[in-house]
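Residue numbers (this note's numbering), protein chains in the order written: chain A, 1 to 407; chain B, 408 to 814.
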């Protein structure tokens, strides 16, 4: 197995470095080409994959997409350029003049001077068919190809945009980002089952656990953020979390992403809920402003009439906790104030025989304790919520769940 | 074990919601207080932990730090405010007037009207001692408290700043961010040993693997990025990767972070190296411009005379790959052009009996193949490189390595 992987690695390397070719015209992404005015008639080079071919008597129309936007760039060429290889899915390099389009459908188009097919695509074999709107269930069988469809392209661009927006929001709000550990000996939630981690080969450590103690994949970074909030006041993490739940439902993944924040000197749930709300608003505003077409596609094709739904708030005041539930999706946010009083926590731990194991957690309350609280947001659920996507497996690039770990 | 965790979770919840108190003055972070002019004499509230106490006959000087910056805010109070609880490590809330400081050491200081001790700190028991410069080895014993020292505070702020800068760089350069999977059945590198993943309890799935196939923690997101570069042209990931190496050296971790990028339509190593260089420059410029004091502290105290070292380039032109080595740290970048020709890859895989397992990888070359290449950057090594930190365990919040998985 290991040998095979090493071999495979060596095989994938090129056997010689290609000679760099001269570059006559500026390379433009489709997004940048579409955003230009097309009035200067500049010579450009655009590279991407063919999304449609329409051949008329004297003119050939291609739509070329490179994933930089949902929209494709219209390429207009002399019909003499046509060839069998210019087909849906093929990769091409087009050089020509960017000009104002006479059609109302687009602002600019590329008047091709040269079209080079880089890699052809056998449309008989290609599981994605021209002009067909494949159901999301069908596309899930092809995790290596489904990203080339309009709908997965849009979802994953929104996911990328939301990721950037979340980092920006916390940075602008003065939070320090913390990489909380993925492997942990010390687990917080007890919600659902855990994955255990051990080296696949025991050759080097025959007797003991690799870490000397049983180690698990994290289910939450909360305890580690509590540590860090005692130094940086406002901290957040945005990383993978895991549940070994035996579920293939449309709501569960074995590997999913959580945004978690912890704030010191916070004294009320209201303060916490304000941060949740600001996070939701700022992220959604950024997505709507930078990917309007992508969001629209999801709303139009997946959830007709979907607008961002209002959400239910459920406050359990007796435990100073708040959950935010979205109809049809489940818990989007969960937050609470933590017990910061040393003597209260100490008594409770002692009664349960946990004092020794959580001595370090008591230490946080022994040395300059502060009132603090925090929350977590399920990132996939957030995406489902704003895009109206029914199945959580469609908002993650490579879904992992019981019986399924493709690629 | 599971019961204990559930119990512990319940214990940490507050038993009642505290009443929100009235807030007479605007809350300011230490960073914002230090950045103000102090001329308007505005009333503010600052919260943080005491870093030093100096008591004179009539005046009491405190330095208060909340982790928003390396620098602390000087608080000046009447000596009648002094108490045993105002000690190193205690958490306090100070209200008063922000005024211009008569001293040249700082621009502003806080004239305290009220000092409230929120959580006291027993300096006898606190492992971090006032005015002492603890060696990094000593601090590693206290992963839950070391972040309260100047040096770890600086390192982790730089880590946070660099994280944000990396996301910004790629976003501004038109890359789509991809969450490549952590659990994978399909591993690329074969470099070092793998961690295997299984549910800790087999109750629900007694017979088989959870995923039906053996599953491992990722050692690289490269193959998954190759998939995505076939849809989005330019993609990147920034996440945890794992090696089950039996090493406690200052150079190795079992869990560490990699920045990886993959670019379609790239044809030369020079193009790839240019992106690496731009990433390094943009990230470092951002860190130097936003955290100059933090970087300076590291250079001054940890690596006297350290300036960012020039690095060696090692090009192996026969395999179209490039490695970038930093003296004393190791491989910082590794990149290569990938084999995009279907027939070449098919022959090699067939010869090695890997055709079936990597059919999906061949598919990427069957359907609109393009020349592409990519690179990875070790994030901890990057931080070591710019900060001059000798041991990789000191640039990560919670280091994991053989025999050690604290918290």
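Note that CB positions come from ideal geometry on N, CA and C, so glycine has one too.
Small disclaimer: the values here were computed from a predicted structure and weren't measured.
Leaving out five residues on either side along the sequence, give the residues of the same chain with a beta carbon under 6 Å from the beta carbon of residue i.
i, result
"residue 406 (chain A)", "143"
"residue 736 (chain B)", "788, 791, 792"
At 7 Å on the CB atoms, spell out the chain A contacts of residue i, in chain order.
i, result
"residue 491 (chain B)", "Those do not exist, as residue 491 (chain B) stays about 14 Å from chain A at its closest Cβ, beyond 7 Å."
"residue 593 (chain B)", "407"
"residue 620 (chain B)", "405"
"residue 789 (chain B)", "Simply none; closest approach about 13 Å."
"residue 367 (chain B)", "With chain B represented from 408 up to 814, any question about residue 367 (chain B) goes unanswered, as that position is not in the structure."
"residue 539 (chain B)", "Ordered by position in chain A, no residue passes the 7 Å Cβ test against residue 539 (chain B), which lies about 15 Å from the chain."
"residue 617 (chain B)", "244, 402"
For residue i and residue j, which I take to be in contact (beta-carbon distance under 8 Å), what is that distance rounded to the nearest angstrom?
i, j, result
"residue 649 (chain B)", "residue 664 (chain B)", "Not confirmed; about 11 Å, so no contact."
"residue 170 (chain A)", "residue 236 (chain A)", "5 Å"
"residue 60 (chain A)", "residue 82 (chain A)", "5 Å"
"residue 563 (chain B)", "residue 535 (chain B)", "Not really, about 15 Å apart at Cβ, beyond 8 Å."
"residue 671 (chain B)", "residue 636 (chain B)", "5 Å"
"residue 683 (chain B)", "residue 782 (chain B)", "6 Å"
"residue 53 (chain A)", "residue 112 (chain A)", "Not quite, the Cβ-Cβ distance comes to about 13 Å (not below 8 Å), so this is no contact."
"residue 244 (chain A)", "residue 401 (chain A)", "Actually they are not in contact, since the Cβ atoms of residue 244 (chain A) and residue 401 (chain A) sit about 10 Å apart, beyond 8 Å."
"residue 371 (chain A)", "residue 340 (chain A)", "5 Å"
"residue 137 (chain A)", "residue 116 (chain A)", "Not really, about 36 Å apart at Cβ, beyond 8 Å."
According to DSSP, what are the bridge partners of residue i?
i, result
"residue 375 (chain A)", "A:261, A:335"
"residue 484 (chain B)", "B:467"
"residue 721 (chain B)", "B:730"
"residue 65 (chain A)", "A:49"
"residue 603 (chain B)", "A:198, B:623"
"residue 180 (chain A)", "Bridge partners of residue 180 (chain A): none, in fact."
"residue 109 (chain A)", "A:99"
"residue 28 (chain A)", "A:46"
"residue 401 (chain A)", "A:404"
"residue 116 (chain A)", "A:93"
"residue 170 (chain A)", "Looking at the DSSP assignment, residue 170 (chain A) forms no beta bridge with any residue, so it has no partner."
"residue 211 (chain A)", "BP columns for residue 211 (chain A) are empty, so no partner."
"residue 121 (chain A)", "B:774"
Could you tell me which chain B residues have their CB closer than 9 Å to the CB of residue i, listed as they occur along the chain?
i, result
"residue 227 (chain A)", "550, 551, 552, 554, 804, 805, 814"
"residue 230 (chain A)", "456, 474, 498, 551, 552, 554, 555"
"residue 122 (chain A)", "773, 774"
"residue 40 (chain A)", "By Cβ distance, chain B contributes nothing, its closest Cβ being about 21 Å from residue 40 (chain A), past 9 Å."
"residue 200 (chain A)", "600, 601, 602, 603, 621, 623, 651"
In chain order, what residues of the same chain lie with their CB nearer than 7 Å to the CB of residue i, ignoring the 5 residues before and after it?
i, result
"residue 30 (chain A)", "46, 48, 64, 65, 66, 68, 69, 72, 73"
"residue 165 (chain A)", "282, 283, 286, 287"
"residue 530 (chain B)", "494, 495, 496, 537"
"residue 623 (chain B)", "591, 594, 601, 602, 603, 604"
"residue 721 (chain B)", "730, 732"
"residue 797 (chain B)", "657"
Report all residues from its chain with a CB closer than 8 Å to the CB of residue i; omit the five preceding and five following residues, and keep chain order.
i, result
"residue 719 (chain B)", "Caution is warranted here: a pLDDT of 43 is assigned to residue 719 (chain B), below 50, making its placement in the model unreliable, and no coordinate value can be reported."
"residue 514 (chain B)", "441, 444, 445, 507, 508"
"residue 805 (chain B)", "550, 813, 814"
"residue 620 (chain B)", "592"
"residue 403 (chain A)", "248"
"residue 584 (chain B)", "574, 577, 578, 642, 643, 644, 645"
"residue 504 (chain B)", "448, 449, 450, 451, 517, 518, 520"
"residue 486 (chain B)", "462, 463, 464, 465, 466, 467"
"residue 738 (chain B)", "730, 731, 732, 785, 788"
"residue 226 (chain A)", "262, 338, 361, 364, 372, 374"
Could you tell me which chain A residues have their CB closer than 8 Å to the CB of residue i, listed as they occur along the chain?
i, result
"residue 604 (chain B)", "195, 196, 197, 217"
"residue 560 (chain B)", "231, 232"
"residue 777 (chain B)", "47, 91, 118, 119"
Anything in chain B within Cβ reach of residue i, meaning under 8 Å, just list it in chain order.
i, result
"residue 240 (chain A)", "586, 589, 646, 647"
"residue 157 (chain A)", "583, 639"
"residue 257 (chain A)", "586"
"residue 224 (chain A)", "804, 805, 814"
Under 7 Å between beta-carbons, which chain B residues line up against residue i? List them in chain order, please.
i, result
"residue 164 (chain A)", "574, 578, 584"
"residue 126 (chain A)", "774"
"residue 363 (chain A)", "551, 552"
"residue 265 (chain A)", "454"
"residue 33 (chain A)", "Within chain B, no residue comes near residue 33 (chain A); the closest Cβ sits about 12 Å away, beyond 7 Å."
Taking residue i as the query, report the chain A residues whose CB atoms sit under 9 Å from its CB, ordered along the chain.
i, result
"residue 689 (chain B)", "The contacting residues do not exist; residue 689 (chain B) stays about 15 Å from chain A at best."
Interface residues of chain E around residue i at Cβ under 7 Å?
i, result
"residue 333 (chain A)", "No chain E is present in this structure, whose protein chains are A and B."
> Can you give, in chain order, each stretch of the alpha helix (DSSP H) that sits fully within the region 237-286 of chain A and has at least 4 residues?
Replying inline: Runs found: none.
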